[in-house]
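Engineer: Right, I'll just put the structure down here and ask away after.
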């Protein structure tokens, strides 16, 4: 049942249901730990779908989880973007393009409107815009978009698991090098004390390896569940007829340019951290940038 419930969810991965992703929410419903009315992006139609699958009675959307609304897309005010990459880390579908200390931009076709990037931005340069007009819930979000979001989330989750595993392996190797020549790296000269310290470090490394292994396994298992058993390690380039390949090409060219020094507007919010780290850029998003004129 959990898989059928997951298939009926919009795959925005917004966490407004109170769970870390759509798969976790579907599992909770199947196990009787969550109600069917906790997904605002799915709206009333989404609740009806979950009710039909679970056999539970239909009920109105729980206002504690949010309200049904139109589809939104995030946009970056690149004149304020400082290139901190926090929004990139927060995005569940890798819909934000950029790199450290260079301006970021949102690829609209991949954005689910989850809004997870908004609170992590230290300079408040991300805002949401309504892109579906008066259409709300599933009327503003197609099964094709849900499938794309699901695939991209699975790929992003898998990539992040591999990155974290590689980081832990590197840290373990560094610790192992230190451990192999502990006497040189330590101020302790007593052999017994060195032996105790070595045993302590070895035990800590063993716990870290076990924890990393469990975390990576859990992330991979979740990615497989989210993708319906077809998790990919990389995200394929969209087909040419969507125009997204051209968007990405133009985006890469623009992102390769360092930003100019920031000009602070009169009366604008000024924080010491932002002023000391700011970089700036041109237009606000990949939705209608002048530097991609003619690309649709």
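Numbering (the numbering used here), first residue to last: 1273 to 1568.
Glycine included, C-beta positions come from ideal geometry on N, C-alpha and C.
Since this is a predicted model, take the numbers as computed values, not measurements.
What do you get for residue 1304, buried or exposed, if any count of 16 or more other CB atoms within 10 angstroms of its CB means buried?
Structural biologist: By the 10 Å Cβ count, residue 1304 comes out exposed.
Engineer: Using only the alpha-carbon positions, how far apart do residue 1467 and residue 1478 sit?
Structural biologist: Each residue's alpha carbon lies about 16 angstroms from the other.
Engineer: Only counting the same chain, and skipping five residues up and downstream in sequence, which positions put a Cβ closer than 8 angstroms to that of residue 1326?
Structural biologist: Same-chain partners within the cutoff: 1273, 1277, 1301, 1302, 1308.
Engineer: Count the CB pairs spanning the stretch 1388-1396 and the stretch 1347-1361 that are closer than 8 angstroms, and state whether there are at least three.
Structural biologist: Yes, the stretch 1388-1396 touches the stretch 1347-1361.
Engineer: Do three or more CB pairs link the stretch 1380-1394 to the stretch 1322-1340 at distances below 8 angstroms?
Structural biologist: The stretch 1380-1394 vs the stretch 1322-1340: no contact.
Engineer: Taking residue 1346 as the reference, which of 1337, 1284, 1293, 1296 has the closest Cα?
Structural biologist: Taking only the C-alpha atoms, the option nearest residue 1346 is 1284.
Engineer: By DSSP, does residue 1346 sit in helix, in strand, or in coil?
Structural biologist: Here residue 1346 sits in strand by DSSP.
Engineer: From the DSSP output, which residues share a beta bridge with residue 1402?
Structural biologist: DSSP lists 1344 as partners of residue 1402.
Engineer: Just grab the DSSP bridge partners of residue 1369 for me.
Structural biologist: Bridge partners of residue 1369: 1377.
Engineer: On the criterion of 16 or more Cβ atoms from any shown chain inside 10 Å, does residue 1282 qualify as buried, or is it exposed?
Structural biologist: Classification of residue 1282: buried, given that the 10 Å Cβ count is 16 or more.
Engineer: Select from 1279, 1280, 1287, 1369 the residue whose C-alpha is nearest the C-alpha of residue 1387.
Structural biologist: Cα-wise, what sits closest to residue 1387 is 1287.
Engineer: On the criterion of 16 or more Cβ atoms from any shown chain inside 10 Å, does residue 1370 qualify as buried, or is it exposed?
Structural biologist: By the neighbour-count rule (16 or more Cβ atoms within 10 Å), residue 1370 is buried.
Engineer: Since residue 1409 and residue 1314 should fall inside the 8 angstroms C-beta cutoff, what is the C-beta to C-beta distance between them, to a whole number of angstroms?
Structural biologist: 6 angstroms between Cβ atoms; contact.
Engineer: Taking Cβ positions, are residue 1424 and residue 1366 nearer each other than 7 angstroms?
Structural biologist: The answer is yes: Cβ separation under 7 angstroms.
Engineer: Could you pull the start and end residues of the alpha helix (DSSP H) that residue 1397 belongs to?
Structural biologist: Looking at the DSSP string, residue 1397 is not in any alpha helix (DSSP H), and its letter there is neither H nor E.
Engineer: Could you check where the alpha helix (DSSP H) with residue 1390 kicks off and where it finishes?
Structural biologist: Counting along the chain, residue 1390 falls outside any alpha helix (DSSP H), and DSSP gives it neither H nor E.
Engineer: Within the same chain, show all residues whose beta-carbon is closer than 6 angstroms to that of residue 1321, passing over the 5 residues directly before and after it, in chain order.
Structural biologist: Excluding positions up to five away in sequence, the list reads 1280.
Engineer: According to the Cβ coordinates, are residue 1257 and residue 1343 closer than 7 angstroms?
Structural biologist: With the chain covering 1273 to 1568 only, the question about residue 1257 has no answer from this structure.
Engineer: Kindly give me the distance between the Cβ atoms of residue 1375 and residue 1350, rounded to whole angstroms, as I take these residues to be in contact under 8 angstroms.
Structural biologist: Contact holds; Cβ gap of about 4 angstroms.
Engineer: If I follow the unbroken alpha helix (DSSP H) through residue 1358, where does it start and stop?
Structural biologist: 1358-1362 is the span of the alpha helix (DSSP H), which, as asked, contains residue 1358.
Engineer: Select from 1472, 1427, 1445, 1341 the residue whose C-alpha is nearest the C-alpha of residue 1406.
Structural biologist: Measuring from the Cα of residue 1406, the nearest candidate turns out to be 1341.
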